[in-house]
Amino acid sequence: MAIIALISAKGSPGVTTTALACALTWHRRLVLAECDPSGGSVLAGYLGGALDGPRGIGELAVGELRDGSLESAFWSQLVDLDAPRRERLLLPGVVDPAQAGSVTPLWHRFADFFLGLERGQPPYDVLVDCGRLQVTGPPWPILRAAAVVLLVTRAKLPDLSATRSMIRAIERDFTEHRVPPGTLRLLPIGDGHGRGEISKALRLPVIARLPEDPRTAEVLTLGGTVRAGRPLMRAAGALEVPIRALLDRRRARLAWPAAQGVPDAV
3 MAIIALISAK GSPGVTTTAL ACALTWHRRL VLAECDPSGG SVLAGYLGGA LDGPRGIGEL
63 AVGELRDGSL ESAFWSQLVD LDAPRRERLL LPGVVDPAQA GSVTPLWHRF ADFFLGLERG
123 QPPYDVLVDC GRLQVTGPPW PILRAAAVVL LVTRAKLPDL SATRSMIRAI ERDFTEHRVP
183 PGTLRLLPIG DGHGRGEISK ALRLPVIARL PEDPRTAEVL TLGGTVRAGR PLMRAAGALE
243 VPIRALLDRR RARLAWPAAQ GVPDAV
């Protein structure tokens, strides 16, 4: 299924929490990559800083700039979220602000590498936490390479207002770089305006809606026992279904013109 990117327009609407909830409930092999230029938080938060030594995308970037070692070093920089099965893996984000300067020039390189993971043996989907778009050095190449970009927003008016201008900016960029239409979708969180209202106001389809679940969000942010039956985890697990349906429809649509030109078998 290639790259699924999550991003927000403003503040902290729960991109990392949503991405982590999805990663822990995903049904295929998955790499969760923290590509927020502002820094990663899963190692220090959910994992409680339990790992020894530096690890993550910052270390990969330094090695790639030094000697082109991304392919050889990638798997050693991952954290197994479901050890020892290696089916849900985490690529931690930068922990030192100085590392961001090394990562930003390599967004194209990481985008190409992530695309290749779908064709690997075994194949992996890649879920990318891109953080907020309004930061220095956002990962535009990863967003352009993504099969689906989920714009995470609260369902209240102030957040929706900020999201509106961000949608237009993303759409302009995607048009300029010939990103296939239908890549961008809304993912509202919590109470507020209804799905239909949000979609109509922002002129963008809503792929699903996640519930407000402070107890689970706290565990995913600060660590603890994740309970699969909690509302957020159930909704995150169900999100994979509409994402796959969206991709299946797009692949069928892209294959249709080609299929029309194929002569009938004798």
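Mapped onto the working numbering, the consecutive letters of the sequence shown carry residue numbers 3 to 268.
All C-beta atoms in this analysis are idealised placements derived from N, C-alpha and C, irrespective of residue type, glycine included.
Between Ala254 and Gly194, which are expected to be in contact by the criterion C-beta below 8 Å, what is the C-beta distance as a whole number of angstroms? With 8 Å as the limit, Ala254 and Gly194 do not qualify as a contact, their Cβ atoms being about 34 Å apart.
Simplified DSSP assignment, three categories, for His195: The answer is coil: DSSP assigns His195 none of H, G, I, E or B.
Which one of Leu8, Thr155, Ala25 and Leu91 has the shortest CA to CA distance from Ala230? When only C-alpha atoms are compared, the closest one is Ala25.
Collapsed DSSP secondary structure at Thr155 in the structure displayed: Reduced to three states, the DSSP call for Thr155 is strand.
Local conformation of Val181 per DSSP, three classes: Under the three-state reduction of DSSP output, Val181 falls in the coil class, being neither helix nor strand.
Close Cβ partners of Gly42 (< 7 Å) along its chain, the five nearest in sequence each way excluded: Around Gly42: Glu36, Gly58, Pro94, Gly95, Val96 and Val97.
Helix, strand or coil: which one does DSSP assign to Ala240? Three-state result, Ala240: helix.
Restricting to Cα atoms, I'd like to know which of Lys202, Ser78 and Met168 is closest to Glu61. If you compare the alpha carbons of Lys202, Ser78 and Met168 with that of Glu61, the shortest gap goes to Ser78.
Check whether the segment 106-119 touches the segment 136-145, counting contact only when three or more Cβ pairs, one atom from each stretch, lie closer than 8 Å. Result yes; three or more Cβ-Cβ pairs closer than 8 Å.
Please state whether DSSP places Ala267 in a helix, a strand or coil. Reliability fails at Ala267, whose pLDDT of 42 lies under 50, so the model's placement of it is uncertain and no value is given.
Which two residues bound the contiguous beta strand (DSSP E) that contains Val33? From DSSP, the beta strand (DSSP E) with Val33 extends over Leu32 to Glu36.
DSSP three-state label for Gly125, please. Looking at the sequence provided, one finds Pro at residue 125 rather than Gly. Correct three-state label for Pro125: coil.
With a 10 Å radius around its C-beta and 16 neighbouring C-beta atoms as the bar for buried, classify Ala267 as buried or exposed. Note that Ala267 scores 42 on pLDDT, short of 50, meaning its location in the model is unreliable and no value can be drawn from it.
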